[in-house]
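Trainee: With positions in the sequence shown counted from 1, the corresponding number in my numbering is that position plus 2.
Every residue, glycine too, gets a C-beta built ideally from N, C-alpha and C.
Below is one structure. I have some questions about it.
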Amino acid sequence: MGPPLRLHELIRAIRSVKTQNEEREVIQRECAEIRSSFRDEDSMYRGRSVAKLLYMHMLGYPAHFGQMECLKLIASPKFTDKRIGYLGAMMLLDERQDAHLLITNSMKRDLEHSSSVVQGLALCTLACMGSTEMCRDLAGEVEHLLKNSNSHVKKKAVLCAVHIIRKVPDLVEMFIPAAEELLAEKRHGVLYGAVLLVTEICLRNPEGCKRFR
């Protein structure tokens, strides 16, 4: 048995069909192969399989069976795996699913990663689909990244902090000192995020407005 189809090959196969029934047959056949590949714990094609599954999800087909595979990719040391895993988490997970809780430890490690690109992946995902529990558990790491020297990381951390405050308003005090410092930023992107953060702080905690006058 040869290697599985690449994503662009699957897209070409789906676009070449003439009817909806033929499309379903292609999807069903590919889903069966993906399920089979997921049974192999050491599959070198896990990232490729999840990428194809996400494309099927975009077409409206069920893809829930790929949730745990996304978590495995996030835990991988390879950036290419993490990138697909985090994208899958944003698309396939929500706050009502138990798998959502399992991502927290991996995300914590990535927020503390030496690579700013990996930190950015974790911040984007937390800002997109972080639950109340995740936001509470990871707020300290996000607050620390607000002081990061890399503007790429800092911009994402600011928007992530806005999401955390919306989900867990009682954490607003944690972000006030960092927000004050961010208002002195020279980089436009970071400063724009800082204004959003300060606005959110003032909405959630009117007393906090006094700190920004």
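#1: Report the option in 109, 95, 68 and 42 whose CA atom is closest to the CA atom of residue 84.
#2: On a CA-only basis, which of 14, 153, 38 and 187 is nearest residue 28? Give me that one, please.
#3: Please go through the same chain and pick out, in chain order, the residues whose beta-carbon is closer than 7 Å to the beta-carbon of residue 229, but skip the five residues on each side of it.
#4: My assumption, with CB atoms under 8 Å, is that residue 76 sits in contact with residue 55. Please give the rounded CB distance.
#5: As an exercise, report each continuous alpha helix (DSSP H) stretch of at least 4 residues that is fully enclosed by the stretch 74 to 143, in chain order.
#6: Nearest to residue 5 by alpha carbon, out of 50, 147 and 135?
#7: Does the Cβ of residue 132 have 16 or more other Cβ atoms within 10 Å, making it buried, or fewer, making it exposed?
#8: In the DSSP assignment, find the unbroken alpha helix (DSSP H) run with residue 10 in it and report its ends.
#9: Let's test the definition: count the other Cβ atoms within 10 Å of the Cβ of residue 112 and tell me whether it reaches 16, buried, or not, exposed.
#10: Residue 52 and residue 81 look like a contact to me (Cβ under 8 Å); what is the Cβ gap, rounded to whole Å?
#11: Hey, could you find the ends of the alpha helix (DSSP H) residue 33 is sitting in?
#12: Taking C-beta to C-beta, are residue 184 and residue 193 nearer than 9 Å?
#13: Looking at the unbroken alpha helix (DSSP H) that takes in residue 153, where does it start and where does it end?
Mentor: So, from the data block:
#1: 109
#2: 14
#3: A question about residue 229 goes unanswered here, because the residues of the chain that appear run from 3 up to 215.
#4: Not quite, the Cβ-Cβ distance comes to about 15 Å (not below 8 Å), so this is no contact.
#5: 81 to 94, 101 to 113 and 118 to 131
#6: 50
#7: buried
#8: 9 to 18
#9: buried
#10: Rounded, the Cβ-Cβ distance is 15 Å, inconsistent with contact.
#11: 22 to 40
#12: yes
#13: 153 to 169
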